[in-house]
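What follows is a set of notes on a single structure, which appears directly below.
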Amino acid sequence: MNIRPLGDRVVIKKIEAEETTKSGIVLPGTAKEKPQEAEVVAVGAGGLVDGKEVKMEVKVKDRVLFSKYAGNEVKIDGVEYTILRQDDILAVIEK
Amino acid sequence: MNIRPLGDRVVIKKIEAEETTKSGIVLPGTAKEKPQEAEVVAVGAGGLVDGKEVKMEVKVKDRVLFSKYAGNEVKIDGVEYTILRQDDILAVIEK
Amino acid sequence: MNIRPLGDRVVIKKIEAEETTKSGIVLPGTAKEKPQEAEVVAVGAGGLVDGKEVKMEVKVKDRVLFSKYAGNEVKIDGVEYTILRQDDILAVIEK
Amino acid sequence: MNIRPLGDRVVIKKIEAEETTKSGIVLPGTAKEKPQEAEVVAVGAGGLVDGKEVKMEVKVKDRVLFSKYAGNEVKIDGVEYTILRQDDILAVIEK
Amino acid sequence: MNIRPLGDRVVIKKIEAEETTKSGIVLPGTAKEKPQEAEVVAVGAGGLVDGKEVKMEVKVKDRVLFSKYAGNEVKIDGVEYTILRQDDILAVIEK
Amino acid sequence: MNIRPLGDRVVIKKIEAEETTKSGIVLPGTAKEKPQEAEVVAVGAGGLVDGKEVKMEVKVKDRVLFSKYAGNEVKIDGVEYTILRQDDILAVIEK
Amino acid sequence: MNIRPLGDRVVIKKIEAEETTKSGIVLPGTAKEKPQEAEVVAVGAGGLVDGKEVKMEVKVKDRVLFSKYAGNEVKIDGVEYTILRQDDILAVIEK
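Chains as they are written, first to last, in the UniProt record's numbering: chain A, 1 to 95; chain B, 1 to 95; chain C, 1 to 95; chain D, 1 to 95; chain E, 1 to 95; chain F, 1 to 95; chain G, 1 to 95.
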């Protein structure tokens, strides 16, 4: 992975529905914003972000739930990633 | 429970209307936003959130009232949960 | 009362119009938001709320005026309460 | 006066147009928000309000100009008052 | 002048177009908000305003340019004044 | 120049298109907000602005790029100027 | 490059689609805001920006991904640049 996210940003790779089923996470059909499962592929250094100290709480290879509409999508070497702020990550799924 | 919420987030499981009646909490029919009863199943570590120190005031198994429209819903192993910030929890119901 | 409000939240019980008349408080008919009289039934611990120190200035049994549209309503054992932030309380009525 | 306003709030009693004329204050007819003259009847203790130190600069019996649309109206023993934040008071009229 | 503005507020008296011409300030006809020339007649004490230290940079008799739509108008003894925050004053015109 | 801008404000004089061409700056025709070239004619003292320390980074005679829709226009002795905050200046053009 | 961006601003030069393909970054066609690849040509000094300490994390010649709608465009000596805040840069592409 050749992307270094700035500040409190994190690069994640979405996990498709098939894999999602394997890990037991199913996202219900509701009118609410639905989080999506992903794997962390790169983590910013944290530190001062908008004048506030941010400590990174996720690490590469973590499985995370994130808000589906957060962040920016980008494709690298044919693979789609999402770059978002750590604060848009809701939780880490521990195995 | 295999989800570790980040920062000041809390994972809760809604308590259905039947259980609600048993604990004596009934939500009135008004035009206002109505809080809902739930049980806490996982609590973030707190600490610095958006540059502000947050101390977690709820713990696993607490019965809480939360704002119905707050947070994100997610289903794990067939059970629906809500991930929300502690600040969206209104009160703890003490038994 | 078996509800412990979090942070700077306060649980109050509205005082009906009849009682209001007795205490001499009458709310005028205007287009503005009208405050309502209530009795405090539970008070949060205050402390750090959204990163700011909050000192609770009301106590259980205080008569207060609050902004009618503030907070969340909840019914416990058949009685309606409102959970709101202390900052939505305008004044204490001293007897 | 039996109302103790919380934090940086102030209770004022509007001075009617007749009195206004006597003190020499006349509010011009413009499209802008017009301030109104009032007498202070109760003053909050100030201190930490929304995490910021507030020092009260008005005292009971001060004549003040305030923004007409600010605050909440309440009638006590048949008299109408307005409860507003000190920051909505524009100036003190010194005699 | 018998008005004491609170906090960082300033009372100014607009200078009419005739006077404006004399001092060489002419306001161009554009779609943008146009500043207007005025004389300072009263200055608040500054200090803590909304939790921030404000030092007053204008003094009575200063000629200032201010944003035309800022502040509140008030008429005292037949003269129109504007009460605005110092931050709505753009510049002092030095003679 | 007889204007002293307050706080972090700066007075600039726009450089017309002809001059712009000479310095090599040409503003492309896009739907985006386009910056404009100007010369600094007066600089505020900086210091505490809205409770935050501001250090002035531009000086009189600097050539700057600024956001075309920022600030207030004023005409002095027949010349048009713009008064804006330093933060609305994008860059200094060094010769 | 004769532009010195102020504060936390950065001047970048977009890399056209052809070059983008060479580096392996392809931007997918979605309804979301798409980041774009660029090369950094000038970096502000950082320091106190809006009262907050900002440390510059990018340097001249860095390849970066930035939010396509951020910043202001300007053409210098016939070349188009974008001036934006460092916070609008999502990530550095490391070679």
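All C-beta atoms, glycine included, are put in the ideal place defined by N, C-alpha and C.
Nearest-angstrom Cα separation, counted from residue j out to residue i
{"i": "residue 91 of chain D", "j": "residue 88 of chain E", "result": "16 angstroms"}
{"i": "residue 4 of chain C", "j": "residue 58 of chain B", "result": "11 angstroms"}
{"i": "residue 14 of chain C", "j": "residue 78 of chain C", "result": "14 angstroms"}
{"i": "residue 51 of chain A", "j": "residue 6 of chain A", "result": "14 angstroms"}
{"i": "residue 46 of chain B", "j": "residue 76 of chain E", "result": "55 angstroms"}
{"i": "residue 66 of chain E", "j": "residue 37 of chain E", "result": "6 angstroms"}
{"i": "residue 61 of chain C", "j": "residue 63 of chain E", "result": "55 angstroms"}
{"i": "residue 84 of chain D", "j": "residue 86 of chain E", "result": "22 angstroms"}
{"i": "residue 48 of chain E", "j": "residue 9 of chain E", "result": "12 angstroms"}
{"i": "residue 69 of chain E", "j": "residue 80 of chain G", "result": "37 angstroms"}
{"i": "residue 82 of chain A", "j": "residue 42 of chain A", "result": "10 angstroms"}
{"i": "residue 73 of chain E", "j": "residue 35 of chain D", "result": "7 angstroms"}
Cβ pair residue i, residue j closer than 8 angstroms
{"i": "residue 40 of chain C", "j": "residue 12 of chain C", "result": "yes"}
{"i": "residue 56 of chain F", "j": "residue 44 of chain F", "result": "yes"}
{"i": "residue 2 of chain D", "j": "residue 94 of chain C", "result": "yes"}
Identified DSSP bridge partners for residue i
{"i": "residue 99 of chain G", "result": "In this structure chain G extends from 1 to 95, so residue 99 of chain G is not present and cannot be described."}
{"i": "residue 80 of chain D", "result": "D/75"}
{"i": "residue 14 of chain E", "result": "E/38"}
{"i": "residue 52 of chain C", "result": "C/49"}
{"i": "residue 43 of chain C", "result": "C/10"}
Check: residue i C-beta below 7 angstroms from any heavy atom of the ligand SAM
{"i": "residue 10 of chain F", "result": "Among the ligands in the structure shown, none appear at all, so the ligand SAM cannot be discussed."}
(message) So if I threshold CB-CB distances at 7 angstroms, which residues from the region 72-90 of chain E count as touching chain D?
(response) Answer in chain order: 72, 73, 74, 75, 76, 77, 80, 83.
(request) Name, going along the chain, the residues of the region 34-48 of chain E whose beta-carbon falls closer than 9 angstroms to a beta-carbon of chain D. (result) Of all residues in the region 34-48 of chain E, 42, 44, 45, 47, 48 have a Cβ within less than 9 angstroms of some Cβ in chain D.
(request) Could you list the residues in the region 60-71 of chain F with a C-beta less than 8 angstroms from some C-beta on chain G, going in chain order? (result) Cβ contacts with chain G: 65, 67.
(request) Pull out every residue of the region 3-17 of chain D whose Cβ sits closer than 9 angstroms to any Cβ of chain C, in chain order. (result) Listed by position along the chain: 3, 4, 5, 6, 7, 9, 11.
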